[in-house]
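Data block below; observations after.
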Amino acid sequence: MGGAGPMGRLLVRRAGWEKIVATVVGRSVAISLSLGFATLAGAQSANWISQFGTADVESGAKVAADGVGGVFVATGSGAAVFGPSTVLLARYDGSGQQVWTQTIASGGRDEIGGAASDGTGGLLACGTTDGSLGGPSAGGSDGWVGRFDAAGGQVWLTQIGSTVFDSCLAVAEDGAGGVFVCGTTQGDLSGTSGSLNDAWLARLDATGNVTWIRQYDSGATETATGLAVDGVGGLYLCGTTTGDLFGSALGQSDAWVARLDLAGNPIWGEQWGSMDIESAPLVALDGAGGIFVAGNTNGDLGISSAGSGDVWITRFNQFGNLTWLRQFGSPENDACADLASDLTGGIYLTGSTTGVLGASSLGGLDAWVARYDLDGDRTWLRQFGSTAADRASGVAVFQPGQFFLGGSTGHELAGPSAGQDDAWVASFDSLLAATYCSSPANSTGAPAALMALGSSAVGMNRLRLRCESLPRFVFGYVLASRTQGFAANPSGSQGNLCVSGAVGRFVGPGQVQNSGGNGVIELAVDLSALPQPLGFVSAQAGETWNFQTWFRDANPTVTSNFSPGVAVHFF
């Protein structure tokens with residue numbers, strides 16, 4: 001147990017925690033359009049993407065895997081700032097087809113805060129309302145939390161509030177049929193009110209009854225914005241504070257995270273920050289007993305700020321010791337909106353940027369998604385969008401190598417726009433490996449780009465190799481070897497051969513492909529039949545295989561060319 005020492009301006013401290021104990025209306029969706037294997041500008045290939053909405057503004061979409069290959073989506077819908085709004089719920093199957101939609105509406109202003117799988121094939125959702133959803137309004141605005149079955153039916157919906165402002169910002173199932181939910185209050189939820197805003201945490205049983213509420217206060221302003229249940233008798237809660245929640249305040253607003261027991265009692269807590277503002281912390285398990293925490297900053301967390309708003313991510317072990325911290329951004333404004341464990345020791349982050357985090361900016365506001373590994377190394381980052389404002393606000397993982405994103409767009413990201421801003425949801429395969437061995441520009445003026453997508457788990461047999469930026473309407477195939485190499489312009493080729501030793505070629509039925517009008521070749525790899533000079537072999541856990549695309553080219557004379565290589569380590 002313990003905190004870390006100074007890291008530039010970053011300080012991490014642990015101290016005592018002052019604790020104060022204590023019917024759905026349907027509305028049709030205007031459009032739902034799924035495009036199989038669409039390619040978002042600037043992003044890796046999506047398995048599918050669907051855009052949907054009403055004539056109003058959809059915003060803040062959260063996603064949760066349904067456990068059978070599909071995804072739940074929960075998004076706000078209505079007036080952008082003032083006026084009534086509702087919450088739209090939807091479910092999409094594994095091929096991107098909309099299964100059902102549901103509306104949560106009080107007639108007032110209803111907003112989404114968080115969504116999560118309920119562990120039994122259903123959906124948990126929470127948010128804020130100034131009306132009556134799960135009971136009469138307590139006053140001001142209240143929090144709400146609901147459970148919905150796989151068919152979209154409401155199992156229960158509970159409203160939590162004081163006489164003033166209350167919000168629900170995150171929800172998670174407790175592993176025993178119950179639910180944890182957290183948020184912010186200006187009032188008295190637990191029997192004793194703190195001062196200004198307090199963070200709060202509640203547990204509800206399997207029927208939606210509140211079993212307890214805890215309110216946490218330093219005497220200043222606190223929020224609780226993220227939670228994760230660890231499965232070994234505890235949970236993690238995170239948020240912001242302007243006070244001395246775990247030591248002296250470091251800036252205008254600090255981040256904090258704490259491990260609690262299942263009754264909401266703190267075991268340890270950490271507070272850290274810059275001289276400026278840290279906001280919107282989120283927390284997820286790291287698969288190794290610890291946690292990832294991510295959020296936004298206007299300051300310098302021991303790493304020079306890149307611009308007006310940066311993203312940070314940090315990892316703590318199970319005892320509250322800081323392992324590492326990373327800060328990144330563009331010279332413009334960058335924000336993180338959600339994170340999710342990738343189930344293999346890494347973490348996906350997603351959000352929006354007005355700058356350039358990836359290869360280029362596509363519009364005024366772009367979405368982005370990135371993966372970091374357990375050691376804090378970024379394995380990839382992709383920026384994508386349309387020419388209008390595009391946001392990513394939710395991420396969820398179905399299985400290793402496959403994740404879902406949700407967000408909003410002011411344009412036609414996946415079909416005609418239904419209104420001002422539409423919601424969107426997409427299924428992606430993760431990028432598995434960085435490229436090695438550079439590729440020269442081909443006749444398109446750019447080098448070919450090879451990506452390994454899906455899962456590197458041998459037992460899942462879900463590896464795809466996608467080669468983009470090829471000349472149009474040329475033939476090509478994929479090479480495979482356990483050995484890397486480098487040979488410039490072999491046999492008169494205009495590229496670099498990046499594999500050596502026993503090199504096999506995917507030249508079976510359907511494997512030699514034409515790049516077509518989009519200049520793309522994509523191969524679904526059967527890991528039980530990797531070609532080698534003497535026959536086919538199966539990939540084994542612990543092996544690393546190297547892949548490269550060979551293709552015809554004319555640059556300027558007719559010859560052949562190569563993509564970069566990618567190395568995939570299987571487990």
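Numbering (full-length UniProt numbering) for the sequence shown: 1 to 571. Don't be surprised by glycine CBs; every beta carbon is placed ideally from N, CA and C. Keep in mind the model is a prediction, meaning the values are calculated, not measured.
{"Check": "Pair within 7 Å by beta-carbon distance, residue 92 and residue 68", "Outcome": "no"}
{"Check": "Pair within 7 Å by beta-carbon distance, residue 98 and residue 422", "Outcome": "no"}
{"Check": "Alpha-carbon to alpha-carbon, residue 465 and residue 506", "Outcome": "11 Å"}
{"Check": "8 Å contact criterion, which residue 449 and residue 427 should meet: CB distance rounded", "Outcome": "Actually they are not in contact, since the Cβ atoms of residue 449 and residue 427 sit about 21 Å apart, beyond 8 Å."}
{"Check": "Residue 274 burial status per 10 Å Cβ neighbour count (16 or more: buried)", "Outcome": "buried"}
{"Check": "Top-ranked residue by Cα proximity to residue 210, from 278, 263, 420", "Outcome": "263"}
{"Check": "Residues that residue 473 bridges to, as DSSP identifies them", "Outcome": "Note: residue 473 sits in no beta bridge, so no partner."}
{"Check": "Terminal residues of the beta strand (DSSP E) in which residue 47 lies", "Outcome": "46-53"}
{"Check": "Segment contact, 8 Å Cβ cut-off, at least three pairs: the stretch 487-496 with the stretch 510-525", "Outcome": "no"}
{"Check": "Sequence-distant residues of the same chain with beta carbon closer than 7 Å to residue 374, five excluded per side", "Outcome": "286, 288, 345, 346"}
{"Check": "Cβ contact (3+ pairs, closer than 8 Å) linking the stretch 142-153 and the stretch 122-133", "Outcome": "yes"}
{"Check": "Coarse secondary structure for residue 274, derived from DSSP in three states", "Outcome": "coil"}
{"Check": "Collapsed DSSP secondary structure at residue 491 in the structure displayed", "Outcome": "helix"}
{"Check": "First through last residue of the beta strand (DSSP E) which encompasses residue 403", "Outcome": "402-409"}
{"Check": "Rounded separation between residue 227 and residue 502 - CA only", "Outcome": "49 Å"}
{"Check": "Beta strand (DSSP E) segment containing residue 563, residue limits", "Outcome": "558-569"}
{"Check": "Cα-Cα separation, residue 315 to residue 258", "Outcome": "13 Å"}
{"Check": "Closest Cα partner of residue 342 within the set 417, 457, 235", "Outcome": "457"}
{"Check": "For residue 89 and residue 394, the rounded distance between their alpha carbons", "Outcome": "14 Å"}
{"Check": "Three-state secondary structure (DSSP) of residue 503", "Outcome": "coil"}
{"Check": "For residue 397, the nearest candidate out of 390, 425, 239 (CA to CA)", "Outcome": "425"}
{"Check": "Whether residue 349 touches residue 284 by CB criterion (7 Å)", "Outcome": "no"}
{"Check": "Presumed contact (8 Å Cβ cut-off) between residue 495 and residue 533, rounded CB distance", "Outcome": "About 21 Å; that fails the 8 Å criterion."}
{"Check": "Whole beta strand (DSSP E) elements within the stretch 162-235, 3-residue minimum", "Outcome": "166-173, 179-185, 198-204, 210-216, 222-229"}
{"Check": "Contact the stretch 477-487 vs the stretch 550-569: 3+ CB pairs below 8 Å", "Outcome": "yes"}
{"Check": "7 Å Cβ cutoff met for residue 320 and residue 268", "Outcome": "yes"}
{"Check": "Buried or exposed (CB count within 10 angstroms, at least 16 for buried), residue 434", "Outcome": "exposed"}
{"Check": "Sufficient close CB pairs (3 or more, under 8 Å) joining the stretch 175-187 to the stretch 242-258", "Outcome": "no"}
{"Check": "Pairwise C-alpha distance: residue 160 and residue 25", "Outcome": "With a pLDDT of 26 at residue 25, under the threshold of 50, the predicted position of this residue should be treated as unreliable, though the coordinate-derived value follows. Their backbone Cα atoms lie some 20 Å apart in a straight line."}
{"Check": "CB of residue 296 within 7 Å of CB of residue 336, strictly", "Outcome": "yes"}
{"Check": "Sequence-distant residues of the same chain with beta carbon closer than 6 Å to residue 277, five excluded per side", "Outcome": "252, 253, 298"}
{"Check": "Residue interval of the beta strand (DSSP E) (run including residue 522)", "Outcome": "521-525"}
{"Check": "When 399, 402, 386, 430 are compared against residue 410, the one with the closest alpha-carbon", "Outcome": "386"}
{"Check": "Rounded separation between residue 60 and residue 114 - CA only", "Outcome": "9 Å"}
{"Check": "Residue 291 versus residue 169 - alpha carbon distance", "Outcome": "19 Å"}
{"Check": "Alpha-carbon to alpha-carbon, residue 249 and residue 377", "Outcome": "29 Å"}
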